[in-house]
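Asks: Structure in structure tokens, see below.
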Amino acid sequence: MLLISAGARRHLPSLHCLDLSSNNLTGFIPKCLCHSLPLRDLNLYDNHLQGNISSCLSNLTSLELLNLSYNQFSGSFPSLLVHNLNSIESLHLSNNLSIGKVSFSIFANLSRLGQLDISYIAHLELETEPQTWSPSFNMYVLKLAGCNLRKFPSFLSTQNNLKSLGLSDNFLAGTIPSWVMHNTTSQLWVSGNNLSGPFPEIFRNISSQRTSLDVSDNSFHGPLPEDINLIFPELVYIYANNMVLMVLYPIIRPTKSTPFSGLIKQRVRWRNFILCDK
4 MLLISAGARR
14 HLPSLHCLDL
24 SSNNLTGFIP
34 KCLCHSLPLR
44 DLNLYDNHLQ
54 GNISSCLSNL
64 TSLELLNLSY
74 NQFSGSFPSL
84 LVHNLNSIES
94 LHLSNNLSIG
104 KVSFSIFANL
114 SRLGQLDISY
124 IAHLELETEP
134 QTWSPSFNMY
144 VLKLAGCNLR
154 KFPSFLSTQN
164 NLKSLGLSDN
174 FLAGTIPSWV
184 MHNTTSQLWV
194 SGNNLSGPFP
204 EIFRNISSQR
214 TSLDVSDNSF
224 HGPLPEDINL
234 IFPELVYIYA
244 NNMVLMVLYP
254 IIRPTKSTPF
264 SGLIKQRVRW
274 RNFILCDK
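What follows is the structure in structure tokens.
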């Protein structure tokens with residue numbers, strides 16, 4: 004249980020950073036934390052905390068980092084809390100329980116927000132369209148896996164600083180928009196959707212520093228380019244389910260989940276390359 008002694012409470016008004024992650028904590032967030040006004044970092048990641056995410060945390064207007072991921076919080080999404088975190092730079096609420104629809108517009112005015120992870124919040128349906136708002140943020144890490152998205156969020160076209168984008172396990176269909184690939188420089192995860200077509204030719208026209216690519220569990224088809232190592236010269240991880248990618252033996256075998264096929268020439272080499280066969 005998350006208990007704070009009377010002696011510790013006396014120091015809360017001057018506390019700037021509190022990290023209680025991975026401590027098997029249970030129960031609710033104590034309201035006394037809401038009076039730690041100078042608090043900049045609050046990390047309660049990977050515990051067993053439950054109940055509603057207290058709206059009184061919105062009193063912590065100096066918060067720059069809030070990590071409540073991997074707990075058992077339930078109830079409605081803490082929209083009021085999010086709206087009032089004007090100083091927030093890194094917000095993590097993933098892998099909790101919530102109910103109902105939430106508009107992404109609640110994040111629109113968080114101008115300092117650089118990292119956001121709201122992946123796999125059970126029963127959450129995230130609405131990004133139609134976009135009637137303008138984002139004041141320019142994120143570099145955005146994780147929206149399992150958010151019941153049916154379209155690529157159009158606001159992503161304005162995010163030109165993205166290094167990592169996670170959109171796996173949604174209901175995205177069709178092809179990957181060119182602006183998603185142009186704006187995501189390092190890590191792109193789009194597995195578990197219904198994306199289709201051949202290997203996206205738009206990749207050829209992008210100067211890519213991409214290190215991770217996950218296109219598994221979609222409906223892509225056709226051959227992978229023989230010069231894929233030139234398209235992705237910095238690639239370290241490729242996630243492709245049971246697709247067998249052999250560098251020494253030039254064979255790629257298609258699977259139902261990602262039925263790319265074809266030959267990879269023996270001279271293909273990546274530095275530090277690792278095949279992740281999920």
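Here the sequence shown is numbered in the working numbering, starting from 4 and rising by one per residue. Using N, Cα and C, we set each Cβ at its ideal position, and we do this for glycine too.
Rounded to whole angstroms, what's the CA-CA distance from G195 to S222? Just pull it up for me.
Replies: In the sequence shown, counting from the first residue as 1, residue 195 sits at position 192. In the sequence shown, counting from the first residue as 1, residue 222 sits at position 219. Roughly 10 Å separates the two Cα atoms.
Asks: Report yes if the C-beta distance between F107 and T135 is below 8 Å; otherwise report no.
Replies: Counting from 1 along the sequence shown, the entry for residue 107 is found at position 104. Counting from 1 along the sequence shown, the entry for residue 135 is found at position 132. No.
Asks: Under 6 Å Cβ to Cβ from G117, same chain only, skipping five residues before and after it: list those, please.
Replies: The sequence position of residue 117 within the sequence shown is 114, counting from 1. Here the set comprises E92, M142 and Y143.
Asks: Can you give me the start and stop residues for the beta strand (DSSP E) that N70 sits inside?
Replies: As a first step, residue 70 is located in the sequence shown; it is residue number 67 there, counting from the start. Note, N70: beta strand (DSSP E), L68 to N70.
Asks: Among S79, G177 and F206, which one has its Cα closest to the Cα of I234?
Replies: In the sequence shown, counting from the first residue as 1, residue 234 sits at position 231. For I234, the nearest C-alpha among the options comes from F206.
Asks: Can you say whether F110 is buried or exposed, counting buried as having 16 or more other CB atoms within 10 angstroms of its CB?
Replies: Position 107 of the sequence shown, counted from the start, is the residue given in the question as residue 110. It is buried - the Cβ of F110 has at least 16 other Cβ atoms within 10 Å.
Asks: Give a single yes or no on whether S79 has its beta carbon closer than 7 Å to a heavy atom of the ligand ATP.
Replies: As far as ligands go, the structure on display features none, and thus does not contain the ligand ATP.
Asks: Would you list the residues sitting across from D44 in a DSSP beta bridge?
Replies: On the sequence shown, residue 44 is found 41 positions in, with the first residue counted as 1. DSSP, once it has assigned bridges, lists C20 and L68 as partnering D44.
Asks: Output needed for C37: all residues of its chain with C-beta closer than 8 Å, excluding positions within five of it in sequence on either side, in chain order.
Replies: Residue mapping note: residue 37 aligns to position 34 of the sequence shown, counting from 1. Contacts found: S57, C59, L60, N62 and L63.
Asks: Note down the Cα distance separating P138 from L96, rounded to an integer number of angstroms.
Replies: Within the sequence shown, the letter at position 135 stands for residue 138. Within the sequence shown, the letter at position 93 stands for residue 96. About 20 Å.
Asks: Around the Cβ of N245, are there at least 16 other Cβ atoms within 10 angstroms (buried) or fewer (exposed)?
Replies: Along the sequence shown, one-based indexing puts residue 245 at 242. With a pLDDT of only 34 at N245, under 50, the local geometry of the prediction cannot be trusted, and the value read off the model is given with reservation. Exposed is the call here.
Asks: Tell me whether K154 is buried or exposed, calling it buried when 16 or more other Cβ atoms sit within 10 Å of its Cβ.
Replies: As a working mapping, residue 154 is identified with position 151 in the sequence shown. It is exposed - the Cβ of K154 has fewer than 16 other Cβ atoms within 10 Å.
Asks: Can you grab the Cα-Cα spacing for the pair S24 / P201, in whole Å?
Replies: Locating residue 24 in the sequence shown gives position 21, counting from the first residue. Locating residue 201 in the sequence shown gives position 198, counting from the first residue. Answer to the nearest angstrom: the Cα atoms are 43 Å apart.
Asks: So, for D230: in the same chain, excluding its five sequence neighbours on each side, which residues have a beta-carbon less than 6 Å away from its beta-carbon?
Replies: Indexing the sequence shown from 1 puts residue 230 at position 227. Closer than 6 Å at Cβ, skipping near neighbours: no residue.
Asks: Could you give the C-beta distance for F174 and L159, rounded to a whole number, given that I count them as a contact under 8 Å?
Replies: Along the sequence shown, read from residue 1 onward, the residue named residue 174 stands at position 171. Along the sequence shown, read from residue 1 onward, the residue named residue 159 stands at position 156. Rounded, the Cβ-Cβ distance is 16 Å, inconsistent with contact.
Asks: What does DSSP give as the partner residue(s) for E130 in the beta ladder?
Replies: As a first step, residue 130 is located in the sequence shown; it is residue number 127 there, counting from the start. Looking at the DSSP assignment, E130 forms a beta bridge with S106.
Asks: Ordered along the chain, which non-local residues of its own chain (more than five positions away) have a Cβ less than 6 Å from that of L21?
Replies: Against the sequence shown, residue 21 aligns to sequence position 18. So the qualifying residues of the chain are L45.
Asks: From the DSSP output, which residues share a beta bridge with H86?
Replies: In the sequence shown, residue 86 corresponds to position 83, counting from 1. Paired residues: none, contrary to the question.
Asks: Please tell me whether L94 and H126 are closer than 8 Å, where the distance is taken between their beta carbons.
Replies: Counted from its first residue, the sequence shown places residue 94 at position 91. Counted from its first residue, the sequence shown places residue 126 at position 123. The answer is no: Cβ separation not under 8 Å.
Asks: Are N197 and Q162 touching if we call contact CB-CB under 8 Å?
Replies: The count along the sequence shown starts at 1 and reaches residue 197 at position 194. The count along the sequence shown starts at 1 and reaches residue 162 at position 159. Not in contact: N197 and Q162 (Cβ atoms no closer than 8 Å).
Asks: Helix, strand or coil: which one does DSSP assign to P180?
Replies: By 1-based counting over the sequence shown, the position of residue 180 is 177. If DSSP states are grouped into helix, strand and coil, P180 belongs with coil.
Asks: Who are the Cβ neighbours of N55 in its own chain at under 8 Å, not counting the five residues just before and after it?
Replies: Taking the sequence shown and counting its residues from 1, the one referred to as residue 55 is at position 52. Within the same chain, N55 has close Cβ partners F76, S77, G78, S79 and P81.
Asks: Which residues in the same chain as H19 place their Cβ atom closer than 8 Å to its Cβ, once the five residues preceding and following it in sequence are excluded?
Replies: Along the sequence shown, one-based indexing puts residue 19 at 16. Same-chain partners within the cutoff: P41, L42, R43 and D44.
Asks: Just to check my reading of the structure: L168 and L145 have Cβ atoms closer than 8 Å, yes? What is that Cβ distance to the nearest angstrom?
Replies: By one-based count along the sequence shown, residue 168 stands at place 165. By one-based count along the sequence shown, residue 145 stands at place 142. L168 to L145, Cβ: 6 Å. Contact.
Asks: Would you mind reading off the limits of the beta strand (DSSP E) that contains N197?
Replies: In the sequence shown, residue 197 corresponds to position 194, counting from 1. From DSSP, the beta strand (DSSP E) with N197 extends over N197 to G200.
Asks: Looking only at its own chain, which residues have a Cβ that is under 7 Å from the Cβ of D49, when we skip the five neighbours before and after it?
Replies: Residue numbering aside, residue 49 sits at position 46 when the sequence shown is read from its first letter. If we look at D49 and ignore the five residues flanking it on each side, its Cβ neighbours are S24, S25 and Y73.
Asks: Counting only runs of 4+ residues fully inside the segment 139-190, write out the alpha helix (DSSP H) ranges in chain order.
Replies: Listed in chain order, they are 181-186.
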